[in-house]
Amino acid sequence: MKITTLLALICFFSNPLLSQHSIDSQADRLHQYFGHWVSSVHANTDSIGTFPYIKMNNTSKIDNNSMHVEVLQYQNEKYNPLLTELICYDSKSEQIIALGQNTEGVVFKGTGGFSNENKWEMQDVDMLDDFYMQVKFDFQGLTNVLVEGFDESGKSLWKTRYIKSNPKDKNIGIQLVSVHQEMLKDPVATLQELGRMGYSYVETFVYNNGTFYGMSPNEFREVVEAQDMQFLGSMTFHNLPTPNYWESSMQWWSKCIDDHLAAGVEYLTTSNNQLKSITTTAELQRYCDYYNAIGKLCKEKGLTFAFHNHADEFGMVEDVRIYDYFLENTDPEYVHFQADIYWMDVGEVNPVDYFQKHPKRFLSWHIKDYKELGASGKINWMELFHHPDFEVPEYMVAEVEDYSYPSLYSVQLAWEYLYYEILD
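When you line the sequence shown up against our numbering, it's residues 1318 to 1741, in that order.
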């Protein structure tokens, strides 16, 4: 079974965590409502029962400016239609417009909008223009919205909390560097958001002396798994040692591997930020020997090791491209590669050429764009994911390094792009 890892680099969602960016337009704010939702056991809690009383499937249409809403109610051991609705943003009136019908055959229409990023209000009337209902939406996070209906006097008729519950069948993962500040502030809340968005697993980059975000391997694993995700990958860093420190370096890696095994990790990656200073292939060979030794140790202990590129790997040393040298002079049994597609594009190489020439070497891709995933138009993601000459690798990692929105909003867009537009 292929595991798709969506590793995302993104700035942060505004509520409840801090953010540099905002969700300004009515259409973008409405898009928060997109996705699969289930009702909590009570409006005052976010706990979800085995068979949620209500399911709501909101399908995006017309470039995210509208969505089809289908509400289902659990009754007689099955989910039955309760409400169907079309909700859209009208660019002419700059309002959100709704047209819906309930199971009694009543058709209603509504108008309204967001007063800020989190508060949305709709005024609904029937087709005779008589008052039908006032509905208020309070987004208490990207994956948690409290919806309440009121009569004409302002009396509450009902209140339902919806929790996002996007599918995980395409095994999309997330690189936590995308939401690093959020993880530092509140790792549990951030992981909860990611799990509800539909991410299946996480990759980290913060291993530090046996800990992840200040937690032991077992503690961090438990926190991740509590959000219905797995901790499968980790980027780790330990510079090339001098000969006198080779053994101590291997001891460091041995402990690092053991810690990751305890956390349930399946693969380790590393990268190199010292390549600009290299002038000879003899220096490159020292790195190859180092990566071979790390990879051998990983394999002996039960992990897979891979090298992660940036743009410097596509520079030349003694008329040889550094990345090509690494591919040719590391042992395929011990050293795999994690291709960062964005940095390959920055390095002015075509990743297709490498995947065709070395189809068995790539364990993972980092799926990253110049803005939100798919937004730049500079990278042909459809070609990469559906090329006839090579298969998509086991671990697909989406990463967002530059943001137009709060980071969790951008991470959600990345998941949606991969799930609905790219992956089969």
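Glycine residues also receive a C-beta, built at the ideal position from the N, C-alpha and C atoms.
All of these numbers come straight from a predicted model, not from anything done at the bench.
Cβ neighbours of residue i in the same chain (closer than 8 Å, five flanking residues each side left out)
i	result
K1616	F1622, E1650 and Y1651
S1432	E1438
V1540	P1504, V1505, L1508 and M1532
L1680	Y1584, T1621, A1623, H1653, F1654, Q1655, P1710, E1711 and Y1712
V1582	F1548, L1549, G1550, S1551 and L1620
F1631	R1638, I1639, Y1640, M1661, G1664, E1665 and V1666
Sequence-distant residues of the same chain with beta carbon closer than 6 Å to residue i, five excluded per side
i	result
L1326	Bear in mind that the predicted position of L1326 carries a pLDDT of just 34, short of 50, making it unreliable; the figure below should be weighed with that in mind. The residues are V1494, S1495, E1716, V1717 and E1718.
P1333	Note that P1333 has pLDDT 39, beneath the 50 cutoff, so the model's placement of it is unreliable and no number is given.
F1522	V1494 and M1552
E1738	none
H1348	N1381
Y1511	In the sequence under discussion, the amino acid at residue 1511 is Leu, which differs from the Tyr named in the question. Answer for L1511: I1491, listed in chain order.
D1575	none
L1740	K1487
Sub-8 Å separation of residue i and residue j beta-carbons
i	j	result
T1553	C1573	yes
Y1642	T1598	yes
L1601	I1639	yes
D1363	R1478	yes
E1434	S1339	yes
A1415	G1427	yes
L1549	Y1518	yes
E1469	F1448	yes
A1628	W1660	yes
Residue from the options whose Cα sits closest to the Cα of residue i
i	options	result
L1400	W1569, S1693 and K1372	K1372
L1463	Q1440, K1487, V1442 and K1436	K1436
K1472	F1454, M1450, N1488 and K1487	M1450
Y1370	V1388, M1384 and N1382	V1388
T1367	K1409, K1395 and Y1350	K1395
W1682	V1714, M1546, C1605 and V1637	V1714
S1571	H1704, F1351, V1386 and A1610	A1610
P1705	D1670, Y1726 and Y1720	D1670
K1618	Q1591, H1577 and K1593	H1577
L1690	Q1440, Y1726 and G1664	Y1726
E1465	L1403, D1441, L1445 and G1527	D1441
I1404	N1646, W1698 and G1417	G1417
S1566	L1614, Y1406 and Y1350	L1614
I1480	Q1544, G1527, F1537 and L1445	Q1544
P1668	D1636, F1702, T1647 and N1646	F1702
Beta-bridge partners of residue i, as assigned by DSSP
i	result
F1529	M1532
M1450	D1441
K1395	Q1392
C1405	S1383 and I1414
G1430	E1438
H1653	A1623
K1372	V1355 and L1389
D1503	In DSSP, D1503 forms no bridge with anything.
Neighbourhood of residue i by C-beta distance below 7 Å, restricted to the same chain and skipping five residues each side
i	result
A1360	L1463, K1476, T1477 and R1478
S1482	H1353, W1354, V1355 and R1513
M1318	Caution applies to M1318, whose pLDDT of 42 falls short of 50 and renders its modelled position unreliable; the model cannot decide the point.
Q1729	L1459 and M1514
Y1604	L1557 and N1589
K1593	D1629
R1678	L1644, P1649, H1653 and F1654
**Three CB pairs or more closer than 8 Å across the stretch 1680 to 1698 and the stretch 1729 to 1737** = yes
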